[in-house]
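Protein chains: 2
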Amino acid sequence: MLKTAMFRGLSASDVQKIANCLSIKKEKFNTNETIMSYNGNSTRIGIVVSGSADLVSDSYDGSRTILERYYENTLFGELFAPYTGADDPVVIASSPCEVLMFQSKNLMSPCKHACDFHDIFLTNIIHLLMQKTRLQSQRIEVLSCRSLRAKLMRFFELQAKDAGSNSFILPFSLYALADYLCIDRCAMQREMKKMREDGLIASKDKKIELL
Amino acid sequence: MLKTAMFRGLSASDVQKIANCLSIKKEKFNTNETIMSYNGNSTRIGIVVSGSADLVSDSYDGSRTILERYYENTLFGELFAPYTGADDPVVIASSPCEVLMFQSKNLMSPCKHACDFHDIFLTNIIHLLMQKTRLQSQRIEVLSCRSLRAKLMRFFELQAKDAGSNSFILPFSLYALADYLCIDRCAMQREMKKMREDGLIASKDKKIELL
DNA sequence: AAAAACAAGTTGCATTTGCAACACTTTTGT
DNA sequence: ACAAAAGTGTTGCAAATGCAACTTGTTTTT
Chain A
168 MLKTAMFRGL SASDVQKIAN CLSIKKEKFN TNETIMSYNG NSTRIGIVVS
218 GSADLVSDSY DGSRTILERY YENTLFGELF APYTGADDPV VIASSPCEVL
268 MFQSKNLMSP CKHACDFHDI FLTNIIHLLM QKTRLQSQRI EVLSCRSLRA
318 KLMRFFELQA KDAGSNSFIL PFSLYALADY LCIDRCAMQR EMKKMREDGL
368 IASKDKKIEL L
Chain B
168 MLKTAMFRGL SASDVQKIAN CLSIKKEKFN TNETIMSYNG NSTRIGIVVS
218 GSADLVSDSY DGSRTILERY YENTLFGELF APYTGADDPV VIASSPCEVL
268 MFQSKNLMSP CKHACDFHDI FLTNIIHLLM QKTRLQSQRI EVLSCRSLRA
318 KLMRFFELQA KDAGSNSFIL PFSLYALADY LCIDRCAMQR EMKKMREDGL
368 IASKDKKIEL L
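See below:
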């Protein structure tokens, strides 16, 4: 049925039992479709199976902040991120994507007939949560840099590490990158220009190379 | 033996079994003592039982960044936060504190004699991890604000919410607050002065009131 | 095939912020 | 009890950054 890290090490029949037990539903979304709204009392948990999604918050002044970015096997839901701003953050598909969704209470108090595979499933969930905290830590690491240049360099270094190469393609547009780094796009591109002039990077459109 | 959310719902004897199974050790630290260094290959996991600790990164130029702040029942360890900067981040007690520590591999592949209480324990760990992601999300929410004033207001609002009152005492010094918000302390205090003048807040030392 | 929407790139100018250098008070250590 | 260290509060000035207003090129829509 469903190939995802959440079910790693479990047989098809075990997966089926768990899916029934937790009332897991699979849903598909197109780019820019709304997947979930964090309206203050949502208790659903989602996991991205394929594609990607962003948690975004739009301000009245038109600026958009990407609060979190969800890739394959990322857990998401308001329980993980109870933002308190005036505006309700929204999870939006940033590419066509499939997600599994279930109610958190089913995870927290699983059915009584505790079976062997429950341990495996819970351990899988722990792995995914640890992965999530790692990604959040990376985000914090980048945002904690004091200057535009430092933010960009830290982000580029992480991307290069993921790509296993000094050159890579940005995973989003320069507009979205500025939103992700919480900086002004024009200022960002000005700084990238300086970094090119200083011989730190080579870049053209979304292609970046660390020198 | 050990009162912590990690063992919620478990009998003393079950706790003892789990503590043996995972080789959990309890340690005490005084303020400013180093609890753990994230040196690139640390696989220990800690949990704060009492007191608090900070994950800090000191730059060559003398500035210190508080990457994360660990309160009671917060899980920590390099596995959760594989920072890649040149400097090794270090976990330091910010007040006298007690922590439990164990090797992560023991969590991920618990002993073979799978007992009832394993489910409870794993569910507790999941709760703690979710709590951790919530705190990280708050941090990201604050850091994603574009101006000093917005950062301060968002942080103050979160503190007021926690305190259940419009007035509260800051959980750390103004130096540390500036580090936590990743901004210059002097600029921060200048902005707080303006906020006082604008009638947004009243503040004196570490006491803040939202108006 | 034209029009519209989106993305990348650039620059001047005003504002915000960081840095440095202070004074003053409170806490800590011996 | 005294000295040292840490914390709070302030300000001028320089540098970094945001904002607004553009141009150009590339997709997407009609």
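Protein chains in written order, with the working numbering: chain A, 168 to 378; chain B, 168 to 378. C-beta atoms are modelled at their ideal positions from N, C-alpha and C, and glycine is treated no differently.
Where does residue i fall in DSSP's three states?
{"i": "B:F339", "result": "coil"}
{"i": "B:I235", "result": "The sequence as given places Glu at residue 235 of chain B; Ile does not occur at that position. Here B:E235 sits in strand by DSSP."}
{"i": "A:K361", "result": "helix"}
{"i": "B:K374", "result": "strand"}
{"i": "A:L159", "result": "There is no way to answer for residue 159 of chain A, as the model of chain A reaches only from 168 to 378."}
{"i": "A:I307", "result": "helix"}
{"i": "A:I259", "result": "strand"}
{"i": "B:C353", "result": "helix"}
Counting only C-beta atoms, is residue i closer than 8 Å to chain A at any point?
{"i": "B:S332", "result": "no"}
{"i": "B:Y130", "result": "Lying outside 168 to 378, the shown extent of chain B, residue 130 of chain B is not represented and no answer is given."}
{"i": "B:F247", "result": "yes"}
{"i": "B:D286", "result": "yes"}
{"i": "B:Y250", "result": "yes"}
{"i": "B:Q303", "result": "yes"}
{"i": "B:M297", "result": "yes"}
{"i": "B:K328", "result": "yes"}
Starting from residue i, follow the alpha helix (DSSP H) in both directions and report where the run begins and ends.
{"i": "B:L325", "result": "315-330"}
Using a C-beta cutoff of 8 Å, does residue i count as contacting chain B?
{"i": "A:C349", "result": "yes"}
{"i": "A:K184", "result": "no"}
{"i": "A:T300", "result": "yes"}
{"i": "A:T410", "result": "Past the boundaries of the shown model lies residue 410 of chain A; chain A is included only from 168 to 378, so the question cannot be answered."}
{"i": "A:I293", "result": "yes"}
{"i": "A:T171", "result": "no"}
{"i": "A:K272", "result": "no"}
{"i": "A:T290", "result": "yes"}
Since residue i is in the beta strand (DSSP E), which residue starts that stretch and which ends it?
{"i": "B:C312", "result": "Counting along the chain, B:C312 falls outside any beta strand (DSSP E), and DSSP gives it neither H nor E."}
Regarding residue i and the ligand FMN, is the C-beta to nearest heavy atom distance less than 7 Å?
{"i": "B:K299", "result": "With respect to the ligand FMN, the structure offers nothing, as it holds no ligand at all."}
Can you list the beta strand (DSSP E) stretches of 3 or more residues lying completely in the region 170-251 of chain B, in chain order? 192-196, 201-204, 211-217, 220-225, 231-237
Of the residues that make up the region 306-325 of chain A, which ones have a beta carbon closer than 8 Å to any beta carbon in chain B? R306, I307, E308, L310, S311, C312, R313, R321, E324, L325
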